[in-house]
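Structure record follows, encoded as structure tokens.
Protein chains: 2
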Amino acid sequence: METRELRYFVAVAEELHFGRAAQRLGIAQPPLSRAIHQLERRLGASLLERTSRTVTLTEAGSVLLQEARAALDAVEAAERRTRRAALAATGRPGVVLATKAGASSELVAKLLDAYAAEPDAVTVDLLLCGIGEQERLLRDGRADVALLHLPFDSASGFDTEELRAEGQVVVLPAGHPLTGRTQVRMAEVTELPDLPLPRWPGPDGAYPEGPGPRARDHAQLLQLIALGRACWIAPESCRAQLSEDLAAVPVLDAPMVTTVIAWPPQSRSRAVAGLVRAATRH
Amino acid sequence: METRELRYFVAVAEELHFGRAAQRLGIAQPPLSRAIHQLERRLGASLLERTSRTVTLTEAGSVLLQEARAALDAVEAAERRTRRAALAATGRPGVVLATKAGASSELVAKLLDAYAAEPDAVTVDLLLCGIGEQERLLRDGRADVALLHLPFDSASGFDTEELRAEGQVVVLPAGHPLTGRTQVRMAEVTELPDLPLPRWPGPDGAYPEGPGPRARDHAQLLQLIALGRACWIAPESCRAQLSEDLAAVPVLDAPMVTTVIAWPPQSRSRAVAGLVRAATRH
DNA sequence: GGGCAGCGATACCTGGCGGGTATCGATCCC
DNA sequence: GGGATCGATACCCGCCAGGTATCGCTGCCC
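Structural data, given as structure tokens:
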């Protein structure tokens, strides 16, 4: 199988429409139809169920969709990492660290300082990203190493080293009745009718159904809380970033949040190894 | 990048010889030279250092070699898993479990029994393999799930669940002086001049340098021990498979051996999930 | 219910590129 | 210094990816 065929199939499987998929790929529809047919013939499997009005994935098709995405990420990673290696050999070497926008900057700062003290430290480029984006970046080679927050992110498929475990707090508008408490339980928070948890756009950009207001980023979220329209459950370390019109109360039975440093399996990069060493040495 | 280019590059990088690589690929040498040149031009990186007598990998080249192998495995896995999914939809569904030849059969038997009791259990095909082979099988889709033994195998890049941890024993010919002991230390074993540890062929088929006799498989190894030409350090559970002319003594300070069940990250196979459930329910 | 619009499949053509043979040029070795 | 070895170059050919035109089917709507 050639990556071209995989790219073609992914486009059709995602669009479920040959015309749009062809447009997205920058080719005409007939060659696309033919390519998919060839792919099906060679695999000896029907991937798509097409009536002349609608296209759906078969069981084998959805397996291939998932596997093809992973394979294409691996190919892209190969290309990017090779380019970066060539660049590092001639020009300035560097390593890309992916971290969540709005996550604790204190931990990152410490890590960067510790790494900078290493004898063979190279430039660290920070890549701030949205929720769940880091795994993709690590997989397709745009990042070399990432800070993940379990259980929000998934470290599945990466090598990891645990850096910190912390409890969570509920962030409330200053002056809210719960603010006086030294601790609360999850049930008390989720059942606040006046302060629902806000909704985040998923990986596809759509908001889940629900009562909460919508927030697109961190700043909007904090604004919503300050305005008394929402509350939020977040790792303890976010307290450092709260302004005066917000308050935080520990949530006793919220799941622990573990910060880990993650890197692609079998990474032989000296820079990644150095960062991990610096991070774990604390 | 197309997988064809990656395959070509891997062949040249492994052979370090355009002629042999071309032969291995079943094409002539000139098109191979040209393909590698094109790849280098498109990546904007020099991958191979060639004099007219010798070919060596550049820094970028060895990065690409590693990444390309992973990417090609992913592509192969996509192809195989799709084929299997199509087969499962029409014919008999099944799941492939990779396990070490010569490993504890008791644990495997228990696992298979427990899984067979699951409501939607499918056929489990066993794939017995040599040391370190399982990771490859899991990565390129020939296996769906595997039993690994840490720290001998590496579970890096897979999702795992721990099944058992055990100590190790030294296997000796019956009647050897140490046989009378209830336990020994590593130092006592490694410094037996008359009973060296045997050498295993590495992944490339070559034997490492050293004093020990060579063994190609399990049976040869046990034979060597029975003949008083070697001793061996192995997980406790191997005792069940020892014949009468062999004896085992616990090694106090040998590293613990952990048996884990491992599967490719984000596997959505119901069968794999069922096997893992059966394994962890113990 | 018939006409129309939308969509995938088919037919057919063209150009580029992957692959082959012949040969060159450099380097090492006897 | 001459031959052997090996990668690069030159040149040619055939196949296949991609384009255009068109068909056939199926909802949908007046």
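Residue numbers (my numbering), protein chains in the order written: chain A, -13 to 268; chain B, -13 to 268. For every residue, glycine included, the Cβ atom is placed at its ideal position computed from N, Cα and C.
Whole-number beta carbon distance between residue j and residue i, since they are thought to touch under 8 Å
i                : j                : result
L18 (chain B)    : A31 (chain B)    : About 18 Å; that fails the 8 Å criterion.
A64 (chain B)    : L50 (chain A)    : 6 Å
T266 (chain B)   : E147 (chain B)   : 5 Å
V155 (chain B)   : V94 (chain B)    : At roughly 20 Å, the Cβ-Cβ gap does not stay under 8 Å, so V155 (chain B) and V94 (chain B) are not in contact.
R(-10) (chain A) : E(-12) (chain B) : 6 Å
L29 (chain B)    : R69 (chain A)    : 6 Å
E121 (chain B)   : S140 (chain B)   : 6 Å
W186 (chain B)   : I117 (chain B)   : 7 Å
L112 (chain A)   : L83 (chain A)    : 6 Å
E26 (chain B)    : A75 (chain A)    : The Cβ separation is near 13 Å, so there is no contact.
E1 (chain B)     : R10 (chain B)    : 7 Å
L34 (chain B)    : V41 (chain B)    : 6 Å
L208 (chain B)   : P199 (chain B)   : In fact, because the Cβ distance is near 13 Å, the residues do not count as touching under 8 Å.
V108 (chain B)   : G88 (chain B)    : Contact doesn't hold; Cβ gap of about 26 Å is too wide.
Contact list for residue i against chain A, beta-carbon separation under 7 Å
i             : result
E53 (chain B) : A63, A64, R67 and T68
L50 (chain B) : A64 and T68
Cβ pair residue i, residue j closer than 9 Å
i              : j              : result
V157 (chain A) : A240 (chain A) : no
V237 (chain A) : G143 (chain A) : no
L182 (chain A) : P159 (chain A) : In the sequence under discussion, the amino acid at residue 182 (chain A) is Pro, which differs from the Leu named in the question. No, they are not a contact pair.
Q52 (chain A)  : R256 (chain B) : no
T176 (chain B) : L133 (chain B) : no
V61 (chain A)  : L261 (chain A) : no
L136 (chain B) : V246 (chain B) : yes
A54 (chain A)  : F4 (chain A)   : no
A72 (chain A)  : Q252 (chain B) : no
A264 (chain A) : Y101 (chain A) : yes
A233 (chain B) : T168 (chain B) : no
R128 (chain B) : R78 (chain B)  : no
V243 (chain B) : F138 (chain B) : yes
H204 (chain B) : K96 (chain B)  : no
Where residue i meets chain A, residues with beta-carbon distance less than 9 Å
i              : result
G143 (chain B) : G143, F144, D145, P250, P251 and Q252
L29 (chain B)  : E65, T68, R69 and A72
Burial state of residue i, where buried means 16 or more other Cβ atoms lie within 10 Å
i              : result
L213 (chain A) : exposed
D126 (chain A) : buried
P250 (chain A) : buried
Q24 (chain A)  : exposed
G161 (chain B) : exposed
P184 (chain A) : buried
S38 (chain B)  : exposed
S223 (chain B) : buried
G47 (chain A)  : buried
L58 (chain A)  : buried
D145 (chain B) : buried
A201 (chain A) : buried
A21 (chain A)  : buried
E230 (chain A) : exposed
E119 (chain A) : buried
Under 8 Å from the C-beta of residue i: neighbouring residues of chain A
i                : result
A75 (chain B)    : T44, E45 and A46
R(-10) (chain B) : E(-12)
L124 (chain B)   : Result: empty, since nearest Cβ-Cβ is about 12 Å, beyond 8 Å.
Proximal residues of chain B, C-beta to C-beta of residue i below 8 Å
i             : result
A57 (chain A) : A57, A60, V61, A63 and A64
Proximity test, residue i beta-carbon vs the ligand FAD heavy atom, cut-off 8 Å
i             : result
L33 (chain B) : Inclusion of the ligand FAD in the displayed structure is not the case, the ligand content being empty and no account of it being possible.
Review point. Mind listing which residues of the stretch 5 to 20 of chain B have their C-beta closer than 9 Å to chain A's C-betas, in chain order?
Key: none
Practice item. Below 9 Å between beta carbons is the criterion; list the residues of the stretch 213 to 247 of chain A that meet it against any residue of chain B, in chain order. Key: none
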